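Structure record follows, encoded as C-alpha cells.
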Ligand SMILES: NC(=O)c1ccc[n+]([C@@H]2O[C@H](COP(=O)([O-])OP(=O)(O)OC[C@H]3O[C@@H](n4cnc5c(N)ncnc54)[C@H](OP(=O)(O)O)[C@@H]3O)[C@@H](O)[C@H]2O)c1
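Numbering (our numbering), first residue to last: 306 to 536.
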C-alpha cells in the first residue's frame, strides 16, 4: 500500500483529502492537534496528534511514523490558520502562528520527507490559496504566508525534479469549512459562490492521476461567482 501524510487532517480540506486518498488505496497518516471532533474512522486512516509548529515534536512524530510505515509516496501540506483584519490589529502571536503553521511547518515536514519521496518518486502537494496570486484586502499577512508556500513549491520542484519528485501547488478560493469561524466573513451559501472540501480533494486526485513523466505543478480552483457574507 502506498503511504501518504496529510497535515491538518482533523477537519475541512485535509479530512476530505485524507478520505479521498484512503478511497484511492493509500494508507494515510493524518496530523492535527485535536481529532476530538473527527468522526471519520478507517483502518487505513491513522490519526497522529501533532502540532506542526513544534519542531521537536514534529520531527519525533514524523520520524517515528516514517520508520513504522517504511516508505512515503505523498505528502500533503494542508494544515493552516488564518487571522484576518487590518494588519495593525493583529497580535504578534497571531502573526507568528500563521508563519509557523502555514510556511515553516510545510518546510520542515518537506525536509523530513524528501529522502523517502526520492525513493518512491513521490509527490509534495501544497495547499496554498488564490490569495497567494493576487492582492487581497482581507489579510495581507495570511496571503503572504500562502505566497511564500507558492514560491517554496515552485522552487522546490526545480530543485528536485531530476530525482523524480513531483511538486504540486493547489490554490483554492473560498471553501466552505470551519476556517472562517472567527474571520468576520465567510463564503456565501449559494453553491455557485464557494468551493467544497471535496472539490479540493478531487484536484489532489487529478494531480496524482497523471502519467509518470507529466507533472501538474499548479491547480487554481475558483467558484463560479464571487460573493462573501459578513458575520
Ligand atoms: N477554507 C478556505 O476558503 C481556504 C481557501 C484557500 C486555502 N485554504 C487552506 O486550506 C487549508 C485547510 O483549511 P480548511 O479550510 O480545511 O480549514 P480547517 O477546517 O480550519 O482546517 C485546518 C486544519 O489545520 C489543522 N491545524 C491548524 N494548526 C495546526 C497545527 N499547529 N498543527 C497541526 N495541524 C494544525 C487543523 O487541525 P487542529 O485544529 O486539530 O490542529 C485542521 O485540521 C489551510 O492551509 C488553509 O489556509 C483554505
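Every residue gets a Cβ at the ideal spot worked out from N, C-alpha and C, and that includes glycine. Quick caveat: nothing in here was measured; it's all calculated off a predicted structure.
Original post:
Mapping DSSP to helix, strand and coil, what is residue 462?
Top reply: helix
**OP:** Name the one or two DSSP bridge partners that residue 491 has.
**Re:** 534
Subject >> Rounded Cβ spacing between residue 369 and residue 307 (contact assumed at less than 8 Å) >> reply: Not confirmed; about 19 Å, so no contact.
**OP:** Kindly examine ligand 1 and report whether one of its heavy atoms sits closer than 7 Å to the Cβ of residue 386.
**Re:** yes
Subject >> Residue closest to residue 506, alpha-carbon to alpha-carbon, out of 458, 319, 454 >> reply: 319
Original post:
Is the beta carbon of residue 524 within less than 7 Å of some heavy atom of ligand 1?
Top reply: no
Original post:
CA-CA distance, residue 372 and residue 438?
Top reply: 37 Å
Original post:
Which residues mark the beginning and the end of the alpha helix (DSSP H) in which residue 337 is found?
Top reply: Run containing residue 337: none in the alpha helix (DSSP H); it sits in the beta strand (DSSP E), 332-337.
Subject >> At least three beta-carbon pairs within less than 8 Å, the region 497-504 to the region 401-415 >> reply: no
Subject >> C-beta atoms of residue 375 and residue 312 nearer than 8 Å >> reply: no
Original post:
Where does residue 363 fall in DSSP's three states?
Top reply: helix
Original post:
Just curious, the alpha helix (DSSP H) that residue 321 is in, first and last residue?
Top reply: 317-328
Subject >> In chain order, each beta strand (DSSP E) run of at least 3 residues that lies wholly inside the region 378-438 >> reply: 379-382, 428-432
Original post:
Going by C-alpha distance, which of 427, 486, 525, 343 is nearest residue 352?
Top reply: 343
**OP:** Go to residue 500, then tell me how far its beta strand (DSSP E) extends in each direction, as first and last residue.
**Re:** Looking at the DSSP string, residue 500 is not in any beta strand (DSSP E), and its letter there is neither H nor E.
Original post:
Nearest to residue 491 by CA position, among 357, 316, 387, 321, is which residue?
Top reply: 387
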